[in-house]
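Participant: Handing you this structure, nothing more for now.
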Amino acid sequence: MEDGNREDVLSNLPDHILLTILDRLNVHDAARTCVLSRRWQQLPAMLSQIKLDVLDFLPEGTTACYEREIVRINGAAVEATKSIMSRRDPSRNTIHLLSMKFFLRDNDTISIGHAVGQIMATHKVETAQFAILTEAHYSRRGDDDLVYYGRNFMLFFEACPGAFGGLTRLKLQDLRFGKSDICNVLLTCKQLKHLRMFNCNSGVWTTLQVEHLELGELEIVNCSFRKVVLISLPKLTQMAFHGWIAFQDPLSVGDVPLLETVDLTNVCLSSHKMVKLSEFLGGTSVRNLRLGFESEKIWVQPEHLTRQLAAVFCQLTFVHMAEIPEGYDLSWSLFILEPAPNLKELYLTEWDHLCTMETDREKRRALSYSIRKGLRLACEMCRDNPPPSSFPFAETKKLLVEKIITSGIDSAASIHFLSGEAIWASHVAKKNFP
Numbered sequence: 001m002e003d004g005n006r007e008d009v010l011s012n013l014p015d016h017i018l019l020t021i022l023d024r025l026n027v028h029d030a031a032r033t034c035v036l037s038r039r040w041q042q043l044p045a046m047l048s049q050i051k052l053d054v055l056d057f058l059p060e061g062t063t064a065c066y067e068r069e070i071v072r073i074n075g076a077a078v079e080a081t082k083s084i085m086s087r088r089d090p091s092r093n094t095i096h097l098l099s100m101k102f103f104l105r106d107n108d109t110i111s112i113g114h115a116v117g118q119i120m121a122t123h124k125v126e127t128a129q130f131a132i133l134t135e136a137h138y139s140r141r142g143d144d145d146l147v148y149y150g151r152n153f154m155l156f157f158e159a160c161p162g163a164f165g166g167l168t169r170l171k172l173q174d175l176r177f178g179k180s181d182i183c184n185v186l187l188t189c190k191q192l193k194h195l196r197m198f199n200c201n202s203g204v205w206t207t208l209q210v211e212h213l214e215l216g217e218l219e220i221v222n223c224s225f226r227k228v229v230l231i232s233l234p235k236l237t238q239m240a241f242h243g244w245i246a247f248q249d250p251l252s253v254g255d256v257p258l259l260e261t262v263d264l265t266n267v268c269l270s271s272h273k274m275v276k277l278s279e280f281l282g283g284t285s286v287r288n289l290r291l292g293f294e295s296e297k298i299w300v301q302p303e304h305l306t307r308q309l310a311a312v313f314c315q316l317t318f319v320h321m322a323e324i325p326e327g328y329d330l331s332w333s334l335f336i337l338e339p340a341p342n343l344k345e346l347y348l349t350e351w352d353h354l355c356t357m358e359t360d361r362e363k364r365r366a367l368s369y370s371i372r373k374g375l376r377l378a379c380e381m382c383r384d385n386p387p388p389s390s391f392p393f394a395e396t397k398k399l400l401v402e403k404i405i406t407s408g409i410d411s412a413a414s415i416h417f418l419s420g421e422a423i424w425a426s427h428v429a430k431k432n433f434p
């Protein structure tokens, strides 16, 4: 069949099939189909899924973003947003997905916010997401820059209440908020179901209090809060809390009756207090639990069976203890079996992951890292040909199984042992929840 005939076959397909095809593309690629014919020019305005990612406007093969390039691609994202929103077919009222990723840059963001707010006022939008980037993600920036980005975000937020009022997902990074800013954002974003904050704070040693009626997923990653207090989140089902800075009591869990999946990861320094999970997760009955140690000191305190620990673990079915430092006696992990009668799978991963660890001895001493020996295993991101781990992992497994047998622990859980070697090829440092 000749090329012209193939094009005719594609163009002769009904609109709903062509729209199904275009819905799988982002806005940048979908807009490029407009050159095919007049009919194709009309289709992007009829999409039920609008996915605009500022990084799609980078030249192919480009990985770094410099200021001049950021200005250009953000401007292109603004024009694309205005174009597709202004040409939106009003008879197609429902938008199933509206996803926008863009850089936080003065008037650019406000233009995007106003265009999105207008669409929300005239259409039903089932899922609406803002993923807001800053230049700090691509270059080293100090506290003053985080303050600047935080102020810019709040100006954007205050200028576009219509857009934020309809958001269901919000991803933020590299922002320093004022004392009441996060509370105000949550009050305005009444439809919010997912919130992710990366490298955010509200100043030195401040407490983050979270209360929301609809929020179902919460991620707090490398944020410098003294403490995170979950006051009332009646629909929260998943929480990730990575990189707390407090030496003790960094998390307080209040009314979270539906919480079932928890991911806790931290680099534990010598001065940090060991965490008792019965206290850390008190008041919850989680089903899926991931504990990440970043190849550093174990921060979980083994506990004897108590009524409080049994209440926390009574519904637990899946546990992954990730990036346990190589050479640790894993028998400490067995305390989790007895109070978890429904546990089905326990994953244990040992890995000295050099590309995420601080390996400079002087810096480790200055920052109060624990004393470590035998830092060996790297991944393909660190080295082209990493040496195999010299740690006798098979022996560790054997000793742990013997410990289970001799201790008389009655558990039907399947225990899976993963070494750094087993996961090096794909550079995956965790087992995802099933």
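Numbering (the UniProt record's numbering), first residue to last: 1 to 434. Ideal Cβ placement from N, Cα and C applies to all residues, glycine included.
(1) Using a Cβ-Cβ cutoff of less than 6 Å, which residues in the same chain neighbour S265 once the five nearest sequence positions on both sides are dropped?
(2) With distances taken from CA atoms, which of M274, Y328, K190 and G216 is nearest E303?
(3) Roughly how many angstroms lie between the CA atoms of T306 and I336, to the nearest whole one?
(4) Where does T94 fall in DSSP's three states?
(5) With distances taken Cα to Cα, identify the nearest neighbour of L269 among K190, R365 and D145.
(6) Under DSSP, the alpha helix (DSSP H) around V147 begins and ends at which residues?
(7) Please state whether DSSP places L124 in a helix, a strand or coil.
(8) So what's T188 in DSSP terms, helix, strand or just coil?
(9) Quick one, are the C-beta atoms of L348 and I415 less than 8 Å apart?
(10) Quick one: what does DSSP say V35 is sitting in, helix, strand or coil?
(11) Nearest to D144 by CA position, among A159, F177, I231 and P161, is which residue?
(12) Ignoring anything shorter than 3 residues or poking outside the stretch 208 to 273, list the beta strand (DSSP E) runs there in chain order.
(13) Can you round the beta-carbon distance between M85 and A121 to whole angstroms, since I take them to be within the 8 Å contact cut?
(14) Excluding sequence positions up to five away, which residues of its chain have a Cβ less than 7 Å from the Cβ of G113?
(15) Going by beta carbon distance, what residues of the same chain come within less than 7 Å of S278, once the five residues before and after it are set aside?
(16) Pick out whichever of L186, T188, G203 and A240 has its Cα sitting closest to the Cα of G150.
(17) Rounded to a whole number of angstroms, what is the C-alpha to C-alpha distance between D329 and I298?
(18) Rounded to a whole number of angstroms, what is the C-alpha to C-alpha distance between Q315 and L258?
(19) With a 10 Å radius around its C-beta and 16 neighbouring C-beta atoms as the bar for buried, classify L418 as buried or exposed.
Facilitator: Concretely, from the data shown:
(1) Numbered from 1 along the sequence shown, position 265 holds the residue referred to as residue 265. According to the sequence shown, residue 265 is Thr rather than Ser. Here the set comprises H242 and G292.
(2) Working through the sequence shown from its first residue, we reach residue 303 at position 303. Closest by alpha carbon: M274.
(3) By 1-based counting over the sequence shown, the position of residue 306 is 306. By 1-based counting over the sequence shown, the position of residue 336 is 336. Cα-Cα distance, rounded: 12 Å.
(4) Within the sequence shown, numbered from 1, the residue matching residue 94 stands at position 94. Three-state result, T94: strand.
(5) Numbered from its first residue, the sequence shown carries residue 269 at position 269. Selected option, being the one with the closest Cα: R365.
(6) Residue 147 sits at position 147 when you count from the first residue of the sequence shown. Start and end: D143 to A159.
(7) If you number the sequence shown from 1, residue 124 lands on position 124. Per the sequence shown, residue 124 should be read as Lys rather than Leu. Strand.
(8) Here residue 188 is taken as the residue at index 188 of the sequence shown, counted from 1. DSSP places T188 in helix when its eight states are reduced to three.
(9) As a working mapping, residue 348 is identified with position 348 in the sequence shown. As a working mapping, residue 415 is identified with position 415 in the sequence shown. In contact: L348 and I415 (Cβ atoms closer than 8 Å).
(10) For the purposes of this step, residue 35 is taken as the residue at position 35 of the sequence shown. Only weak support exists for where V35 lies, its pLDDT of 44 falling under 50; the coordinates are left without a value.
(11) Mapped onto the sequence shown, residue 144 falls at position 144. Taking only the C-alpha atoms, the option nearest D144 is F177.
(12) Qualifying beta strand (DSSP E) stretches, in chain order: 217 to 221, 227 to 232, 238 to 242, 251 to 255 and 261 to 265.
(13) In the sequence shown, residue 85 corresponds to position 85, counting from 1. In the sequence shown, residue 121 corresponds to position 121, counting from 1. Not confirmed; about 11 Å, so no contact.
(14) Translated into the one-based positions of the sequence shown, residue 113 becomes position 113. Leaving aside the five residues that flank G113 on each side, the residues in its chain whose CB is nearer than 7 Å to its CB run, in chain order, F156, A159, C160 and A163.
(15) The count along the sequence shown starts at 1 and reaches residue 278 at position 278. If we look at S278 and ignore the five residues flanking it on each side, its Cβ neighbours are E303, T306, Q308, L309 and V312.
(16) The count along the sequence shown starts at 1 and reaches residue 150 at position 150. Comparing Cα positions, the closest option is G203.
(17) Locating residue 329 in the sequence shown gives position 329, where the first residue counts as 1. Locating residue 298 in the sequence shown gives position 298, where the first residue counts as 1. Here the C-alpha atom of D329 lies approximately 11 Å from the C-alpha atom of I298.
(18) Here residue 315 is taken as the residue at index 315 of the sequence shown, counted from 1. Here residue 258 is taken as the residue at index 258 of the sequence shown, counted from 1. Their backbone Cα atoms lie some 12 Å apart in a straight line.
(19) Indexing the sequence shown from 1 puts residue 418 at position 418. It counts as buried.
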